[in-house]
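Protein chains: 4
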Amino acid sequence: YTANKKRRRGGSKDTVKMNIGGHIFETYRSTLRRLKNSMLANDEKLKLYYRPESGDYFFDRDPTAFAAVLNYLRSGELHIPTNMCGPSLQNELVFWGIDELDIERCCWTNYNTWKTQCRSLEKLEYDRKLSTTQNIILNKHNSTCWQRYRSKIWTFLQDPTSSRIAKIYAWVSIIFVLLSIFSFCAETHPMFRVKPQEIESKSMQKIYEFLNMDKYDWPNQSGAVILDHQNITNANLTSPEEATVAEPVVEPQSDLLYDNGEEDYYDEETYRERKRKTLPHPSLVVIDLSCLFFFSLEFISRFVCSPSKIKFMRSLQNIIDMVAIIPDYIEMIFLMFDPIGRKGMVIMDFMIILRMLRLCRIFRLIRHVPGLWIMLYTLKASFNELMLMCVFLLIGMVVFASLMHFAEGNEGYDNIPIGFWWSIVTMTTVGYGDMYPQTGFGYIIGSLCAIAGLLTIAFTVPIIVSNFVLYYTHVQYGLARREKDVERMQE
Amino acid sequence: YTANKKRRRGGSKDTVKMNIGGHIFETYRSTLRRLKNSMLANDEKLKLYYRPESGDYFFDRDPTAFAAVLNYLRSGELHIPTNMCGPSLQNELVFWGIDELDIERCCWTNYNTWKTQCRSLEKLEYDRKLSTTQNIILNKHNSTCWQRYRSKIWTFLQDPTSSRIAKIYAWVSIIFVLLSIFSFCAETHPMFRVKPQEIESKSMQKIYEFLNMDKYDWPNQSGAVILDHQNITNANLTSPEEATVAEPVVEPQSDLLYDNGEEDYYDEETYRERKRKTLPHPSLVVIDLSCLFFFSLEFISRFVCSPSKIKFMRSLQNIIDMVAIIPDYIEMIFLMFDPIGRKGMVIMDFMIILRMLRLCRIFRLIRHVPGLWIMLYTLKASFNELMLMCVFLLIGMVVFASLMHFAEGNEGYDNIPIGFWWSIVTMTTVGYGDMYPQTGFGYIIGSLCAIAGLLTIAFTVPIIVSNFVLYYTHVQYGLARREKDVERMQE
Amino acid sequence: YTANKKRRRGGSKDTVKMNIGGHIFETYRSTLRRLKNSMLANDEKLKLYYRPESGDYFFDRDPTAFAAVLNYLRSGELHIPTNMCGPSLQNELVFWGIDELDIERCCWTNYNTWKTQCRSLEKLEYDRKLSTTQNIILNKHNSTCWQRYRSKIWTFLQDPTSSRIAKIYAWVSIIFVLLSIFSFCAETHPMFRVKPQEIESKSMQKIYEFLNMDKYDWPNQSGAVILDHQNITNANLTSPEEATVAEPVVEPQSDLLYDNGEEDYYDEETYRERKRKTLPHPSLVVIDLSCLFFFSLEFISRFVCSPSKIKFMRSLQNIIDMVAIIPDYIEMIFLMFDPIGRKGMVIMDFMIILRMLRLCRIFRLIRHVPGLWIMLYTLKASFNELMLMCVFLLIGMVVFASLMHFAEGNEGYDNIPIGFWWSIVTMTTVGYGDMYPQTGFGYIIGSLCAIAGLLTIAFTVPIIVSNFVLYYTHVQYGLARREKDVERMQE
Amino acid sequence: YTANKKRRRGGSKDTVKMNIGGHIFETYRSTLRRLKNSMLANDEKLKLYYRPESGDYFFDRDPTAFAAVLNYLRSGELHIPTNMCGPSLQNELVFWGIDELDIERCCWTNYNTWKTQCRSLEKLEYDRKLSTTQNIILNKHNSTCWQRYRSKIWTFLQDPTSSRIAKIYAWVSIIFVLLSIFSFCAETHPMFRVKPQEIESKSMQKIYEFLNMDKYDWPNQSGAVILDHQNITNANLTSPEEATVAEPVVEPQSDLLYDNGEEDYYDEETYRERKRKTLPHPSLVVIDLSCLFFFSLEFISRFVCSPSKIKFMRSLQNIIDMVAIIPDYIEMIFLMFDPIGRKGMVIMDFMIILRMLRLCRIFRLIRHVPGLWIMLYTLKASFNELMLMCVFLLIGMVVFASLMHFAEGNEGYDNIPIGFWWSIVTMTTVGYGDMYPQTGFGYIIGSLCAIAGLLTIAFTVPIIVSNFVLYYTHVQYGLARREKDVERMQE
Ligand SMILES: [K+]
Ligand SMILES: [K+]
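Protein chains in written order, with my numbering: chain A, 670 to 1160; chain B, 670 to 1160; chain C, 670 to 1160; chain D, 670 to 1160.
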């Protein structure tokens, strides 16, 4: 210390004055020379900034950042004032020739948070622009009438804020999505299923026959019509002779189904049979068809008007749109080429998966609900953290299921995989109560499992959530912020 | 870079000194001219601030904000020191002719948070003042005696802090609300229901008959009185001959009811019948009537003394007050004009809804518990975020219910709508255990559902909560802060 | 604006230089005069600080705070730099004669948080010192031997850090608390209960008879001993003749109890009888008595050595200590004066409540676990927020229970009070599954209830938690910080 | 106040100019002398920094920190600007001779947080380096060929980023861990268990016999082979005569097992017998053996190549590795020395514990998932907070279980320890529903328990989580940050 002080006192003659944007800094020349690679140690460069009239070195830079730099030279530790924005500091550090990696441990996290946030927000804005507006740059002179027309439709479809009618169209689009989802869900409910005998409209009967490529015993058709479909799948249950006199048999059966429905409601046979023997309500069929028509039309319009077909097909949004309508067409094509009789179980399962893809229609809402887009974007951006949560949960799952198996293997935990479900249900604190420990050791393991779950979730969720909040507030504010006019600055 | 440096060195002769409130800034004249629209690029304006004696431009402004502005001109990026309050910066930016939209991405969220908070707190204060005090500005000279009297009552009713007696009145008001709610709840409990035979006070019998417009077999009246009401509704159960000898029949029936109550307690018929055959305890009736009287009196007093009838009726608080008392009057009127015999099922349902409106009385507490008001205000202010949470939950509900239906449609999930309930119960981690998956696929979907629920809630709740905390702390502190004397400042 | 500028330009001649601790501020004289009440508007006072040699007003104050003050005068809005500590600013504002209530809305919350935290930490430190160390200030000269001795014991009992042996004593004390709690819990478990016939030690038998003032059929005593106690309470069950031949009858009964224990385990009679017929394990009795002895001894020592008897008895900690030992003595006294035979049901209930007070022993841990003390302190300090949470939960409880009652009154929700339990269980997301809605409306109300619960908890808990974290970190750091030497400063 | 001011005015002649790094501070000489121990009160020392030419004291230090120091001298309260990094301030305080304990209450927590974070991050980096890379410092000249080779293998095994092949190896290692865990879990599932009769490969039969030291009735061996094992343990069930004709008997038995599996699936006898009568699937045996081989080989390689055997064996990671493989060898040795027939129940239990140790293999993932390491590190670092959480939960558990016992001891809570499980399940909001209160008092206690649990968790988890987030972000950023070149600075 004493040596240090002496040198300073001795060196007091050669203090240097640095005028940084009007702010005067004074330091020993030796201090400036301490960091070899920095610009301040380079006498040649420094000389260029010397002003003889005032006897100082003048730099037209930010004085706050320079104060941090000078403190670095003085103390050998680069600390950053927390009130200074990271990216602005970065520029200054570059100018003064200081490596940002010299920032001390305590300030590093803070500095890096600024930088990472900045970069991720930049990425967010870029991705958002890409996924939503996808502007057409019109060549104003040589654009044909069709090009101008196309661009108008594109804007109309893509940007609800472009005009009043585009906004109305957006709402119509949302309503179609909701109707489609409603139909998808309602179709499975007994309330919205009718027996073929109840459908009296001729045209509806045609539609049902076209859609399912099957024949039903419509009320106006005589009982003599052979119930092809039922025959084939029920072959092992009902003898062919019985099938020819199906009508009088089926009626009491289905009555029976609904009479004592309470008891055998969950009986597998009953459920499948009921589903096979009933049809979705005509109104749902109409909704389904009109939604399909609307979505198809919209998708084709978009595709045709899209300025870049390749970019269009690579956008997640459009892929979802396509996945949500294609299954219906595949089903139709499939039924056209493969009429009644050869539908095996495998094909039925394939049909079910196809039908499930309709669920994608709900993700059409991404276009209309910015929060939804941000959530999915956050999940994508926080993929590492999500994986970490999964790893934590999986490890907890395996560990606690195993411990439980060894603690009370005889009481419901007789194999480890069955304990997985229990672990997850306990760690997420859902606790259905279908499985629970029943011995002392089991109680202790169960308690640890619940606490471990709480900690696991408490550890990983905040990191993901903070990203979401960052993105959400940014987009919220961003929606109100007009595009920055970059040409305002004259260089 | 080199070109840049050269120009700066060349331009070192024309540095400009800016004296901003005593703080000296020095920069190249070229730097000042870089932003066309700013005040600093405008030589004409600048000249007015020139002081020849000291050779600088003097501005009586905040030097910190100017440092940020100057850094903007130097680097082309507008960063804001985080320790500077947003609204104060805004004023400075306006003075220097810089658009706040030029603020960089990294500082924008921060700056906007300040601004938004400020604006929402201003709104909060405005709304709070509107909803609570609604001051009468007295014309001191030409106010009549009635006006002065009215104003006194108004203050007494509205502001518990105005006097000691107003505080006591506020507590009395709270007690009436609690009594009213207690009566509302207790009335449905068997402990507080009595059989008509047990009521011996003549006046209570009159009240019951007035309130329900019905006749009961009071203990002191002979068994010969016809049980009109019971006759009519029980017509399909008991033959008219039996009704004339109702008393000996009813007694064992009700005994039976309470004897084997454990088994058929939840039997619908039993529950409804028991409710019909019993009356609320006389004390509850007295409480009910006195609460109605108190609330009516208070509402009328308020209305009469209110300085602006229109504003009064548009206030949410007063609407709640009104909704909480009107049903009782409607019920009375209804019963007066429509005595026994014509009460169908539809009217009964309408009565039930009317009765439910009494529940609004609990929201009279808003007046007395500031936290409650803030919570409701937050929910209103965070309506978008609440909607987002609902959209997330609904999408999760639909997606997981559908997946579950396809995964284990045969075991309790045989239609999608029934799965909605399961999804919500799982996503909120309540997990009643009335429905739970039972197959491998179901387990996986169930786990995903629980995790999705946790994330959904973790994503949206913090945004709403942060608003609540902001409002709550503001009001907490604000209650201790006397009104700012705006005239203190002399211009 | 133009007028404003002109005045400023015109006034440029009379700029004032303020030297605040070496930092030069320059402003128009008119600016200084804008706030009437401030010190800067008072020319008389100001003159005293004028230094003719340098032509400025010199104040030896903080320049940062003055910058904020000057900006207030310039703009009329008092904003505070967020990096400045509230209490330090407060002093400066007082000096410059500015009212802290002039702080703008945006900075007010921030400033107040600083102040409130400071005050609550001060209170925390004060309360903590009071509740824990309660130092004796020794009059070093005229203290008798007894006083010195007393002070030593006091320090030994009160402060585990005072010496090595005091630390060991603290651990012994913790062990006694844990043993006492273990005994309290284990006593109720069948594993730790023995039948009187199994106790063979004579001295233990004496202890049992002394403690319970009852006679038992000890194994070495002949079967001729009359089971007094059983006789009296079982009078209505067993005829007196049978009681004289009780032994051969009791034995098979209790065997029966344990044989088919699985079925009638929860049968009330069985449970009560079993409890009456068995005694806690001798080891537990020994533990209980030694704990009582230790706690009594410690309490008396503390009381005797306590420097102030009044303060001692007013401390929560000592009240808990007393409440935790007194019930045992009351029980003993009670039994001494009221031997067998007259113990009615009322007295038994009183005994049970007395016994429950033993649970207070667990709160002796407050002395040893600082976190526990902080938690209780936080709950006390956040009483308003806790009340708010309760009000929210109660309102939610009433509202959702009522809605549920009207939605599905026939299915388990047939009175509102029973729905309270369901509401609370749902709102805290526990969801036992003992009650759950079963209709469509019920599902919707249930979902809303769960979401409302999540929000309610999310709203109120963070405010309480933030206090806890503040206190906890403060105490954590405070434990490492030696007392500040206030005399270091020479005035 | 007046006296104070007068002294200042009087003292205005002897203001002192301090030039701190170019920033001028001016104060009264008396102010400097106020703190006896500080360097500024020491005239001798101060004189050394005096510059007569400019009449000021020049220090080449940070002016911001000095501003805080000077404010301390002025006001007697040491407040710290929040934008200044703690560790950098610490250095300055040391230089100016000010004790950091003088920092005021309001700034102390903030300052200490900086310091504590810094220290804990330093510790984290140190521990991380120790646990992961454990570098070998090569003596470049006198290292033998073996040493160089060894070092290469070490780097290859230890650092996946060292080369492309090391990365592939890391993935192979992860896959082996997953396979091993898969086998561990699957082995207990009926799907992966086969009856000895189904194994036809001779070599697999040998392996089974070697591993279990037991004989089975292989399909290609005649039914005449005696089922030794089964005989011995089933001795009390099947008579020896029947055992000789075991095959025809066993077959229908096991069929029976799987036919009516639904009913007696959880029957203890059945479960144990089934386990004894079946063998893990051959593929699982192969996986198990190859994992054991791989892990053993890796462990030996690591051990041999480890630069320091002692450090190696003290690392947690390596202990886990060893614990995960040793049980298998112990089992093998045990079986070799103790063949069939003498395996008692005690040994079986010991075997089960040995087998459970295999679960440790899952913690080999620590090497590959940094987040996992950080979580465990956080739990270790937050040990105090975890303990606090446990103490809170345990106290809550005891209190609520006791209250519940007294409130409804007759309905499922007839001893306190059984209530512990209920308390924990309620406090963690899992709520299985296996136990729940059923009386009014029980409802109130249950509600309080749930709320207490929510608060308990809300109180303690955030403190632990904030540590995790700190560590996680630090490591995340640290992984991207190259090691700081400490020699860059020339002194
Ligand atoms: K739950
Ligand atoms: K549950």
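The beta carbon of each residue, even a glycine, is placed where N, CA and C say it ideally should be.
It should be emphasised that the depicted structure is a prediction, and the values quoted were computed from it without experimental measurement.
Per DSSP, the bridge partner or partners of residue i
i: C:Tyr780; result: In the DSSP output, where bridge partners are listed per residue, C:Tyr780 has none listed.
i: B:Val863; result: B:Leu948
i: A:Ile772; result: A:Leu747
i: A:Glu695; result: A:Lys686
i: A:Leu1123; result: For A:Leu1123, which the question treats as bridged, DSSP gives no partner whatsoever.
i: A:Asp997; result: According to DSSP, which records beta bridges pairwise, A:Asp997 is partnered with nothing at all.
i: D:Phe728; result: D:Ile689
Whole-Å CB distance - residue i paired with residue j, under 8 Å assumed
i: D:Ile767; j: D:Leu758; result: Not a contact, Cβ separation roughly 10 Å.
i: C:Gly614; j: C:His1074; result: Only positions 670 to 1160 of chain C appear in the structure, and residue 614 of chain C is not among them; the question remains open.
i: D:Asp729; j: A:Thr696; result: 5 Å
i: C:Ala855; j: C:Leu953; result: 6 Å
i: C:Thr782; j: B:Val1099; result: Contact flag wrong, Cβ pair sits at about 35 Å.
i: A:Leu948; j: A:Arg862; result: 7 Å
i: B:Ile989; j: B:Phe1032; result: 5 Å
i: D:Leu826; j: D:Arg971; result: 6 Å
Proximity test, residue i beta-carbon vs ligand 2 heavy atom, cut-off 7 Å
i: A:Gly1100; result: yes
Contact check, residue i vs residue j, beta carbons under 8 Å
i: A:Asp1103; j: B:Tyr1112; result: no
i: C:Lys716; j: C:Met708; result: no
i: C:Phe1069; j: C:Cys1118; result: yes
i: B:Val1067; j: A:Ile850; result: yes
i: A:Ile994; j: A:Ser975; result: no
i: C:Glu1054; j: C:Thr1129; result: yes
i: B:Cys775; j: A:Cys787; result: yes
i: D:Pro1086; j: A:Asn1084; result: no
i: C:Ile1132; j: B:Tyr1146; result: no
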